[in-house]
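The block underneath contains the structure these notes are about, expressed in structure tokens.
Number of protein chains: 2
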Amino acid sequence: MALDDTHDAARQSFVASANGHADFPIQNLPFGVFSPPGGAPRAGVAIGDMILDLEAAAEAHLFCGDADVAARTAKGGALNAMLALGTGPRRALRTQLATLLEAGSRFEAQVTPLLHEATACTMHLPARIGDYTDFFAGIQHAMNAGAMFRPDNPLLPNYKYVPIGYHGRASSIVPSGHPVRRPNGQRKPANETVPSVGPSRNLDYELELGIWIGPGNKLGEAIPIREAADHIAGFCLLNDWSARDIQGWEYQPLGPFLAKSFCSTISPWIITPEAMAPFRVAQAKRPEGDPAPLPYLWDQADQAEGAMALELEVLLMTPGLAAKGLPPHRLGLSDARALYWTPAQLVAHHASGGCNLNPGDLCGTGTISTTEVSGYGSLLEITRGGREPLTLASGETRRFLEDGDEVTLLARARRDGFVSIGFGACTGTIHPAP
Amino acid sequence: MALDDTHDAARQSFVASANGHADFPIQNLPFGVFSPPGGAPRAGVAIGDMILDLEAAAEAHLFCGDADVAARTAKGGALNAMLALGTGPRRALRTQLATLLEAGSRFEAQVTPLLHEATACTMHLPARIGDYTDFFAGIQHAMNAGAMFRPDNPLLPNYKYVPIGYHGRASSIVPSGHPVRRPNGQRKPANETVPSVGPSRNLDYELELGIWIGPGNKLGEAIPIREAADHIAGFCLLNDWSARDIQGWEYQPLGPFLAKSFCSTISPWIITPEAMAPFRVAQAKRPEGDPAPLPYLWDQADQAEGAMALELEVLLMTPGLAAKGLPPHRLGLSDARALYWTPAQLVAHHASGGCNLNPGDLCGTGTISTTEVSGYGSLLEITRGGREPLTLASGETRRFLEDGDEVTLLARARRDGFVSIGFGACTGTIHPAP
Numbered sequence: 001m002a003l004d005d006t007h008d009a010a011r012q013s014f015v016a017s018a019n020g021h022a023d024f025p026i027q028n029l030p031f032g033v034f035s036p037p038g039g040a041p042r043a044g045v046a047i048g049d050m051i052l053d054l055e056a057a058a059e060a061h062l063f064c065g066d067a068d069v070a071a072r073t074a075k076g077g078a079l080n081a082m083l084a085l086g087t088g089p090r091r092a093l094r095t096q097l098a099t100l101l102e103a104g105s106r107f108e109a110q111v112t113p114l115l116h117e118a119t120a121c122t123m124h125l126p127a128r129i130g131d132y133t134d135f136f137a138g139i140q141h142a143m144n145a146g147a148m149f150r151p152d153n154p155l156l157p158n159y160k161y162v163p164i165g166y167h168g169r170a171s172s173i174v175p176s177g178h179p180v181r182r183p184n185g186q187r188k189p190a191n192e193t194v195p196s197v198g199p200s201r202n203l204d205y206e207l208e209l210g211i212w213i214g215p216g217n218k219l220g221e222a223i224p225i226r227e228a229a230d231h232i233a234g235f236c237l238l239n240d241w242s243a244r245d246i247q248g249w250e251y252q253p254l255g256p257f258l259a260k261s262f263c264s265t266i267s268p269w270i271i272t273p274e275a276m277a278p279f280r281v282a283q284a285k286r287p288e289g290d291p292a293p294l295p296y297l298w299d300q301a302d303q304a305e306g307a308m309a310l311e312l313e314v315l316l317m318t319p320g321l322a323a324k325g326l327p328p329h330r331l332g333l334s335d336a337r338a339l340y341w342t343p344a345q346l347v348a349h350h351a352s353g354g355c356n357l358n359p360g361d362l363c364g365t366g367t368i369s370t371t372e373v374s375g376y377g378s379l380l381e382i383t384r385g386g387r388e389p390l391t392l393a394s395g396e397t398r399r400f401l402e403d404g405d406e407v408t409l410l411a412r413a414r415r416d417g418f419v420s421i422g423f424g425a426c427t428g429t430i431h432p433a434p
Numbered sequence: 001m002a003l004d005d006t007h008d009a010a011r012q013s014f015v016a017s018a019n020g021h022a023d024f025p026i027q028n029l030p031f032g033v034f035s036p037p038g039g040a041p042r043a044g045v046a047i048g049d050m051i052l053d054l055e056a057a058a059e060a061h062l063f064c065g066d067a068d069v070a071a072r073t074a075k076g077g078a079l080n081a082m083l084a085l086g087t088g089p090r091r092a093l094r095t096q097l098a099t100l101l102e103a104g105s106r107f108e109a110q111v112t113p114l115l116h117e118a119t120a121c122t123m124h125l126p127a128r129i130g131d132y133t134d135f136f137a138g139i140q141h142a143m144n145a146g147a148m149f150r151p152d153n154p155l156l157p158n159y160k161y162v163p164i165g166y167h168g169r170a171s172s173i174v175p176s177g178h179p180v181r182r183p184n185g186q187r188k189p190a191n192e193t194v195p196s197v198g199p200s201r202n203l204d205y206e207l208e209l210g211i212w213i214g215p216g217n218k219l220g221e222a223i224p225i226r227e228a229a230d231h232i233a234g235f236c237l238l239n240d241w242s243a244r245d246i247q248g249w250e251y252q253p254l255g256p257f258l259a260k261s262f263c264s265t266i267s268p269w270i271i272t273p274e275a276m277a278p279f280r281v282a283q284a285k286r287p288e289g290d291p292a293p294l295p296y297l298w299d300q301a302d303q304a305e306g307a308m309a310l311e312l313e314v315l316l317m318t319p320g321l322a323a324k325g326l327p328p329h330r331l332g333l334s335d336a337r338a339l340y341w342t343p344a345q346l347v348a349h350h351a352s353g354g355c356n357l358n359p360g361d362l363c364g365t366g367t368i369s370t371t372e373v374s375g376y377g378s379l380l381e382i383t384r385g386g387r388e389p390l391t392l393a394s395g396e397t398r399r400f401l402e403d404g405d406e407v408t409l410l411a412r413a414r415r416d417g418f419v420s421i422g423f424g425a426c427t428g429t430i431h432p433a434p
């Protein structure tokens, strides 16, 4: 992917908090939807601790050409129309935003009144999510989870050929910070003869990346792998909260359903492919003996730079840790390079039979676990299905999540010679079942 | 459910084709979205061979009170806002429509110019489908399909406790008449060692009912079973086209994905609960030894009248039959009474963990097969996985569907003393893979 001067490490912003910001330096410039205090939802751009009102900037004629086209679609509290435009206008808008916001910008006086303190604003979902699909591309997670059910044969025969995925529930996706209510449901532990109904006893998180769909395809038409990256409008963090006891009882033969659909949390900023360009890396070489991807999933450029060097962290804050003034417990430090399929492969597979993807659709990668226990992306894996509880610095133990627990996902992209960027937090706190 | 004079068998319409119409007598009055020749999509009501322009009728002040409220929401080419209103306004609108359209109506002169010939119009999806869920409530189908994989244990232990379902793809749902393109995909027959990619060789239909969601629930709140029927806005036919070879290779462990998401066809009219009221029947008594529904799925009124007496027919027209002037082959004559769960049970279960259902969401029942081969709802069952091909009157044989085949689903509700109603056709023709 082409790098340009928006990636220049020397560029600073006149928004002082952006310079050295963990997530949103001027090299990031993600898009989202926010409400300023007392205001209606509108499109914005994160810059340091501030949010630029993109709609107001467009109305102030701060953009021109393709960038203006892109900025003017960002209306009505959802970015679907902007996502539909694809790479060109989005890149143009990024370039002009970098110029507007850079240190010494001749637009500083015009732009400054359009900036809002992020902590005073409310973030919303950045787009209306038409359909949500969750993949299973974290091979270590697939093996860890599979080993609990099939110790001798953790990976099913299709795994290395098919980017396994399933349809998820779009309506219950919420932005970071939204409460997560523990679901009630049917569960039947192995030592009981009939199921009972009640609050999930095995509530878990899953560390995933989300992939926002851009232009998409028409029903009946595939997306060739070499074009698939052009249909990705950006990335976010995704916590695919999972009720393991409900899942274990309900999931055969048609897959997870209510164990997942009670809530999924995403980080609210769309991190663009342009912002991620410096951090794209070659897809990890498949282990000896693994089949090559089938031709519809194989593209030289995608193999060369379709993966992402992206560190992923999971933090747990509990009532006990908070009461003692202790920092959050790091549950995992994982890496997006552990994915067996690239985002472009997931998109190409999804459309390969003619299923139409629309702007604002969301795909999850599946839980991303590395080969180390310290890189596991769920409590199911860390505590081996709850059999080996964690002990925290507060003295509390955890098999699964308790009411009051707060889980935060973070992402950090790094590369020598470039300013590192983050995704912003993806946080949810467990509230008791109704 | 209360019956009123809209169900009066003696009532006739001044629209002559409605009287004795197989689907749309004045006792039905379903809602849909149509385009008249050269016009934009708008809300309509089927009456015989005609469609009443509901938006124009509202603009002509033909309704009052709650009915007017309901009619005025039916704008913008989608009925979501009308579905959100729930039972009261919908029932009021039905009552006034019956008066407007009855024989001897004093509104005949005003209404007549608002009627369009249905054959000249194009039908659309009646609502924007936010989320689509497919259940598996046809127990005979579950046993027939399960027996192919697990001859000794066709039903899994959860089946009689959990209304099994999974999330489906909303974007690829199309109205009756839309072409159905055979999907390409990965498939690996048992006698091959590695998968290949190409057009599905085992393309099938599935006979299902669709359930339209009305008001729905907020995230985190359940819908009690005694209120669940109030969240059902109507019914349609649903053909859940299925590529069995793709499904067999991809579906473990997370369920069907691309084998289903290439296309699903629905009949375009929303048949209201009011129209179906005379045809509601008691849920079939569970066989001796089956567990009672868990309390959150059990309601006396639902058990007494939550099921539907609805005959379901599947017709196959092939190029060979058409060339010889032969009638379509009846693939099956099934009955909605074969469902193990009522529509209200499916809705209550879906929301039981707090998953939010929204107006215009769609739920499929799952394939509805009776205990007789003549009542099976898919070719998978009829031809025993393709091993026992059908021979048609044209001399053609069918394991699964061939390009050019047209499958039509029909529904007919009957009860002595009442005018029978139908759902309109749910038709799709198989086009070659790209």
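Top line first, the protein sequences correspond to chains L and A.
full-length UniProt numbering applies: residue 1 is where the first sequence begins, and numbers increase by one.
full-length UniProt numbering applies: residue 1 is where the second sequence begins, and numbers increase by one.
Ideal Cβ positions, reconstructed from N, Cα and C, are used throughout, including at glycine.
Just so you know, these numbers come straight off a predicted model, no measurement behind them.
If you draw a straight line from the Cα of L/R286 to the Cα of L/G138, it comes to about 13 Å.
In the pairwise beta carbon analysis, the region 301–312 of chain L is classified as not touching the region 255–269 of chain L: fewer than three pairs are separated by under 8 Å. When 7 Å is used as the limit between beta carbons, A/C363 is near no residue of chain L, the shortest such separation being about 12 Å. The Cβ neighbour count for A/F14, taken over all protein chains shown within 10 Å, is at least 16; the residue is labelled buried.
By the rule that beta-carbons nearer than 8 Å mark a contact, L/Y166 touches chain A. Listed along chain L, no residue sits closer than 9 Å to A/C121 by beta-carbon distance, the nearest being about 22 Å off. L/Y296 reaches chain A at V197, counting residues in chain order whose Cβ is nearer than 7 Å. Residues G88, P89 and A92 of the same chain have their beta carbon placed closer than 7 Å to that of A/D66, with the five preceding and five following residues left out of the count. Sequence-ordered contacts of the region 106–131 of chain L with chain A read G130 and D131 [C-beta pairs closer than 8 Å]. Between L/A309 and L/V281, the CB-CB gap stays under 8 Å.
Under the three-state reduction of DSSP, L/D23 is assigned to coil, being neither helix nor strand.
The Cβ-Cβ distance between A/G375 and A/S334 falls below 8 Å.
Taking a 10 Å sphere around the C-beta of L/C64, we find fewer than 16 other C-beta atoms and assign the residue as exposed.
At a cut-off of 8 Å between beta-carbon atoms, A/Y161 makes contact with chain L. When CB distances to chain L are screened at a threshold of 9 Å, the residues of the region 183–211 of chain A falling below it are P183, N184, G185, Q186, K188, V194, P195, S196, V197 and S200, in chain order. For L/I139, no Cβ of chain A is located within less than 8 Å of the residue's own Cβ. Between the alpha carbons of L/E208 and L/V180 lies a distance of about 17 Å. If the five residues before and after L/P154 are omitted, its C-beta is found closer than 6 Å to the C-beta atoms of M143, G146 and A147, all from its own chain and listed in chain order.
Taking a C-beta cut-off of 8 Å against chain L, the contacting residues of the region 217–236 of chain A are L219, G220, E221 and A222, listed in chain order. Listed in chain order, the non-local C-beta contacts of A/M276 below 7 Å within the same chain comprise F235, M308 and A413, local neighbours out to five positions each way being set aside.
DSSP, reduced to helix, strand and coil, places L/A145 within a helical segment of the structure shown. Proximity to A/A118 across A/R72, A/D23, A/I223 and A/D405 peaks at A/D23, based on C-alpha coordinates.
L/G353 has a beta carbon lying within less than 8 Å of a beta carbon in chain A.
L/L316 does not reach chain A, its nearest Cβ partner there being about 22 Å away, counting only Cβ pairs nearer than 8 Å.
Chain-order list of chain A residues neighbouring L/A170: G130, D131 and A170, by C-beta distance under 8 Å. Look at L/A338 here: in three-state DSSP terms it is helix. Counting only Cβ-Cβ distances below 8 Å, A/Q252 has contacts in chain L at L156 and N158, in chain order.
If you ignore the 5 residues before and after L/D245, its C-beta comes within less than 6 Å of the C-beta of R187, S200, R201 and N202, all in its own chain and listed in chain order. Straight through space, the alpha carbons of A/H329 and A/I173 are spaced by roughly 25 Å. For the set A/D361, A/P163, A/I382 and A/L219, the Cα lying nearest the Cα of A/A292 is the one of A/P163. The beta carbon of L/I232 is closer than 8 Å to those of I211, W212, I213, G214, P273, P343, A344 and V347 in its chain, skipping five residues each way along the sequence. Distances from the alpha-carbon of L/G332 to those of L/S352, L/G364, L/L52 and L/E311 put L/E311 closest.
Counting of Cβ neighbours within 10 angstroms places L/P183 among the buried residues, the total reaching 16 or more. For L/H116, the closest alpha carbon among the candidates L/Y159, L/E55 and L/G220 is that of L/E55. Straight through space, the alpha carbons of L/M82 and L/L297 are spaced by roughly 27 Å.
Spanning the alpha carbons of A/C355 and A/S242 requires a straight line of approximately 26 Å.
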